[in-house]
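For reference, the structure is listed below as structure tokens.
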Amino acid sequence: MSGPHENRRSPRHQASAPMIFRPLDSSQFHRAVELNSSEEGICFRSSVVLVPGTIIQIRRGENKEAGGLRPPVAGIEKSRLATAVWCDEMEVEGYSHTCGVRYFEFDVIS
Numbered sequence: 033m034s035g036p037h038e039n040r041r042s043p044r045h046q047a048s049a050p051m052i053f054r055p056l057d058s059s060q061f062h063r064a065v066e067l068n069s070s071e072e073g074i075c076f077r078s079s080v081v082l083v084p085g086t087i088i089q090i091r092r093g094e095n096k097e098a099g100g101l102r103p104p105v106a107g108i109e110k111s112r113l114a115t116a117v118w119c120d121e122m123e124v125e126g127y128s129h130t131c132g133v134r135y136f137e138f139d140v141i142s
């Protein structure tokens, strides 16, 4: 996230890694490319428009739902929930949009 979208409290880590995501109201996963991430969220390229407020499930390491590769460790997929914060039309490398999402924070009660 840069420019008007820069609201992170922790450092950003640059990446160029495949990922998939799906809105929680859909069973269809979509391909995306992670651009950077922080403790609070992730920025990625996608061909899907995300309306701010949309809740999505993110999986790192592509899988068969999106016609891609296996997860990084066989049988284990890392999955996170996030809320779309912004999504800009920006044609780059075959993707039509660049989106920023904020991870859900969960309190564990013991």
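Residue numbers (the numbering used here): 33 to 142. Yeah, the Cβ is synthetic: ideal placement off N, Cα and C, and Gly gets one too.
- Look at residue 86 here: in three-state DSSP terms it is coil, with no helix or strand label.
- Residue 82 and residue 88 do touch by the CB rule: their CB atoms are close to 7 Å apart, below 8 Å.
- Shown here, residue 141 sits in coil according to DSSP, grouped into three states, outside any helix or strand.
- Rounded to whole angstroms, the gap between the alpha carbons of residue 52 and residue 114 is 13 Å.
- Assignment of beta-bridge partners to residue 61 by DSSP yields no partner.
- Beta bridge pairing from DSSP links residue 67 with no other residue.
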